[in-house]
Amino acid sequence: MSATIHRQPPAYALLGIFLLCGGVLLPLAYLLVRAFEADSGELREIVFRSRNLELLSNTLSLTAGVLAVSVVAAFPLAWFTARRNIAGERFIAAAGVLPLAIPPYLMAYALLGLGGNYGAVAQLSDRAWSFPILSGYWGAVLVLALCNFPYLFLNFRSALMNIDPALEEMAYSLGSSKRRVLMRVIVPQLRPALLSGGLLVGLHVLSDFAVSSQMRYDTFSLAIFTQYNSAFDRTYAAWLALALLLMTFAALFVEARALRGLRLDRAGTIIPRRRAARGFSAITVAAFGFTALVVSASVGAPLFSILFWATKTDMAGQWPALFESLRGSALASMPAAVAATTLAVPVVYLGIRRPSWMTRMLERTLYIGYATPALAFALGLVFFSIRVTPALYQTFFLLVYAYTMRYIAEAVGPLRSTLYQASPRVEEAARSLGAGSAAAFFRVTLPLLKNSMLTATAFVFLSCMKDLPLTIILSPPGYQTLAVDLWGNIEEAMLPEAAPYALAIVACSALFVGLLLSREKSHS
Amino acid sequence: MNPRNLLKSRSFALLGLAATSLLPQAANAAESLTIYSGRTESLVAPIINQFKKTTGIDVTVRYGGTAQLAIAIEEEGAKSPADIIWAQDAGALGALNKAGALAALPESITTRVPELFRNHNNTWVATSGRARVLAYSPERVAADALPKSVFDLTDPKYKGRVGWAPSNASFQTFVTAMTIDHGVDKTRAWLEAMKANETKAYAKNAPIIQGIAAGEVDFGLPNHYYLLRFKASDEAYPVAQTFFQDGDTANMINVAGVGMLKSSKNVSTAEKFILFLLSPVAQQYFTSQVFEYPVTDEVIASSLLEPFESVLKHAPKIDLEKLDNLEATLKLLSEVGLL
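The listed protein sequences correspond, in order, to chains A and B.
Counting in the working numbering, the first sequence runs from 85 upward without gaps.
Counting in the working numbering, the second sequence runs from 6 upward without gaps.
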């Protein structure tokens, strides 16, 4: 085994780091260039604008609110599935992931169309019932939490499953109460899960402009979008994007910092305890009641609303236009998915077969695009292409490029897990039979990866299909995609006309979640 | 399918392919047009498609906010790929005219519309007219409780009940008009008072109407045709609209208009497109489908529209040509914290 580990990191790993980082960072650098082009008087006015403070406090309180509500939704679900012996826990686990099938911009549209004096509920009841329309801070919090809590759920769940029961038993044997065990033994062990799940939720909130726009709650991302869309004060837009980037870095830093020095390891392995027989109890009722509540709010209500509005439009008449957008989305998503997987394979391969700090770094750089706020990245690309590569400005290529850089991280998971399971012995055998390292890789390892490469491609493809921010800023003039057309209808408050596009996007996202669930199942 | 049929169908397919690949080239060798449209896609795509179909010209449209596109044209300069700017309002066209970006249009175009609907040096013509209105909920607002002037809306009794769209070009032109009618200071004070009165900012006009129907706000300041579009598909739509007292700036008449860029290399194609927009077909479309006012008199009036003469009576006397200071308005809106 040790013969295959090369202490010296390969030089091309360095090149890869350089290219992948550069691919995202260079456009971002153009935000800086653009931001400092204004004269000093204008700069002072922009930086000290009182609105910036308002945006900052709005963005922070939105993030805090979404995190809090997400924890409230995610923790019980994780607890029920990981800690209690409840019949049908699979169903509860699926409920924790299902909301990923509804992208936030679509959830906002659907929930806006549900409430109010003239929403789906009011119209179906002949305006006998109605509930106030969601909007403002609480509207944005609710929508973003309902869409993003699954990231926390997945993290909580695996953390709860990996807690060594011996620790609790010890605490009980020393006379601790249940409550004390929860607060002193279990909760502290959830810190990493809270941080990494929370980070994902936070990054999504920082990136969002579509929900805040529909809910009319001003945040940094929305302000960037408004500047881009209506006034296009490019200098101010660049400053706002920089502020957003700074907040993202701060979040990443806080997460890394909070985990530093944290030790939750143990000597030896967990000895699984025999689980009590599954029974029907008050807990079961509570668990299913809570799950039903979460599912109906996060999936049931939006689907109901979209279907209602779909009945108000001439679906058959819209089919040709819908097909055109579907084709446009697929045409841009496909090359991005293939490119992302092709790029990810060698990086993941090096990370596992030639582990060194440098190849690990290389693997980490795949996440840069994912963590960067989408609007900041798109805006950076616009500035960059106008200045440096005018031939690429507003082209299809730029859209595919942006998709690839942003969603390449989605390809890592499936590739990694398969490569970990594929024994290096097979490659070594090929080498011993005279194959060169390249031949061994192409003829032995790559065929093993075939299925996971397909999965990785599908993940990236479906993410691109439902992407809104990159598509809306970077798609070439006149280029029709599902997301752009849906957004056009949403912006014009054409609720019925938006419904077919919404259904198409939900279908794509449902495939994505189906894939996620089937992978979960095959790994558990 | 047996081999012979397969052969047959394949040769048919080849024939079809050859025919379709020859046709458009034969009709129009490389005639193309790039339009920057500040008008919303859902409103104008049908008529642009009709132009494409009848002429066979290859049209590319970049949709965006009117101000965004006007500024993009200024930045792109002589290298701009645009031949045509189709703006949602007169303000952006005025700004482009002032910047010298627009070419003079030939008489064959300008004489098609009355003077009210073009600028003095003939660099843009209106394609349709629209009015600013006061939209309200007839369920929650009694007819005698309507505000008389747009300045009334800063009264505490309207607190949190009004919706507007500060990032929308038509709204911005209305603000420009207010600065001309009432001065910059009074306009700034009005904007600040409105903001303090918790006026709700929507992204566009249509969501204001939806917000009134949903019960989120009771009043709104949109263009006139958005409500008519909702009403056309649903007569019972629970929103109404009216004007403020005659001459109020908020009743202003604005236009959507079109200009040709000096940098355009497709001059004759661009002129063809503008003439098409002024043709009875296009004008009838704007009236019957978009519920705007036609700029030529060759169309059948829409029954949903209040006659243009009466709208003229409500409107303030404003020279659209003077509304060219978009930049100052954008700056004002930023300073007040609305953009």
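Think of the CB as a built atom: it goes at the ideal place given N, C-alpha and C, for glycine as much as any other residue.
Residue range Ile258 to Met265 is occupied by the beta strand (DSSP E) that includes Asn259 (chain B). Two segments are said to touch when three or more pairs of C-beta atoms, one from each, lie closer than 8 Å; by this definition the region 501 to 516 of chain A does not touch the region 549 to 560 of chain A. Secondary-structure assignment with DSSP links Lys205 (chain B) through a beta bridge to B:Gly168.
In this structure, Gly264 (chain B) places its C-beta atom within 7 Å of the C-beta atom of Thr128 (chain B). CA-CA distance, Tyr231 (chain B) to Ala174 (chain B), rounds to 15 Å. The secondary-structure analysis by DSSP pairs Arg135 (chain B) across a beta bridge with B:Asn259.
Taking a beta-carbon distance threshold of 7 Å, Ser47 (chain B) counts as an interface residue toward chain A. Annotation for Tyr96 (chain A): no residue places its beta carbon closer than 8 Å to its own, counting only its chain and skipping 5 residues before and after.
The C-beta of Asn142 (chain A) comes no closer than 7 Å to any C-beta of chain B. For the pair Ala75 (chain B) and Leu107 (chain B), the CB atoms are not nearer than the 7 Å cut-off. For Val496 (chain A), the enclosing alpha helix (DSSP H) has its first and last residue at Ala493 to Gln505. The alpha-carbon separation between Met183 (chain B) and Thr192 (chain B) amounts to approximately 6 Å.
Tyr68 (chain B) has B:Ser42 as its beta-bridge partners, per DSSP.
Of the candidates A:Phe372, A:Ala486, A:Pro430 and A:Ala577, A:Pro430 places its Cα closest to the Cα of Met537 (chain A). Linking Gly435 (chain A) to Ile53 (chain B) through their CA atoms gives a straight-line distance of about 53 Å. When A:Tyr301, A:Met331 and A:Val150 are compared, the shortest CA-CA separation from Tyr221 (chain A) is found for A:Tyr301. Any Cβ of chain A closer than 7 Å to the Cβ of Gln73 (chain B) would place that residue at the interface, and such an atom is present. Residues of chain B with a Cβ closer than 8 Å to the Cβ of Glu408 (chain A) do not exist, since the nearest Cβ in that chain sits about 11 Å away. Secondary structure of Arg211 (chain A) (DSSP, three-state): coil. Exposed is the label assigned to Gly259 (chain A), since fewer than 16 other Cβ atoms lie within 10 Å of its Cβ. The region 109 to 116 of chain B makes contact with the region 269 to 286 of chain B; the number of CB pairs closer than 8 Å reaches 3 or more. Residues are counted here when their Cβ sits less than 7 Å from a Cβ of chain A; for the region 215 to 231 of chain B these are Gln215, Ala218, Ala219, Gly220 and Glu221, given in chain order. Counting C-beta atoms within 10 angstroms of its own C-beta, Phe407 (chain A) has fewer than 16 neighbours from the protein chains shown and is therefore classed as exposed. Shown here for Arg44 (chain B): same chain residues with a beta carbon closer than 7 Å to its own, the five before and five after excluded, namely Trp91, Gln93 and Ala261 in chain order. Contact of Tyr141 (chain B) with chain A by beta-carbon distance below 7 Å is absent, the smallest such distance being about 14 Å. In its chain, beyond the 5 residues on either side, Leu406, Leu410 and Leu566 have a beta carbon closer than 7 Å to the beta carbon of Ala588 (chain A). Taking C-beta separations shorter than 7 Å and ignoring five residues to either side along the sequence, the partners of Tyr235 (chain A) in its chain run Gly281, Leu284 and Val285, following chain order.
DSSP links Thr247 (chain B) through a beta bridge to B:Leu139.
Your pair Phe304 (chain A) and Ala327 (chain A) checks out as a contact, with CB atoms roughly 6 Å apart and the cut at 8 Å. Taking a beta-carbon distance threshold of 7 Å, Tyr301 (chain A) does not count as an interface residue toward chain B.
Taking a Cβ-Cβ cut-off of 9 Å, the neighbours of Arg67 (chain B) in chain A comprise Gln478, Pro560, Pro561 and Gly562, given in sequence order.
Buried is the label assigned to Ser417 (chain A), since at least 16 other Cβ atoms lie within 10 Å of its Cβ.
Taking all protein chains in view, the Cβ of Asp317 (chain A) is crowded by 16 or more other Cβ atoms within 10 Å, so the residue is classified as buried. Proximity of Lys209 (chain B) to chain A, defined by a Cβ-Cβ separation below 7 Å, is satisfied. Note that the region 375 to 383 of chain A does not touch the region 523 to 543 of chain A; fewer than 3 beta-carbon pairs, one per stretch, sit closer than 8 Å. Chain-order list of chain B residues neighbouring Ala591 (chain A): empty, with the shortest C-beta distance near 23 Å, by a criterion of under 9 Å.
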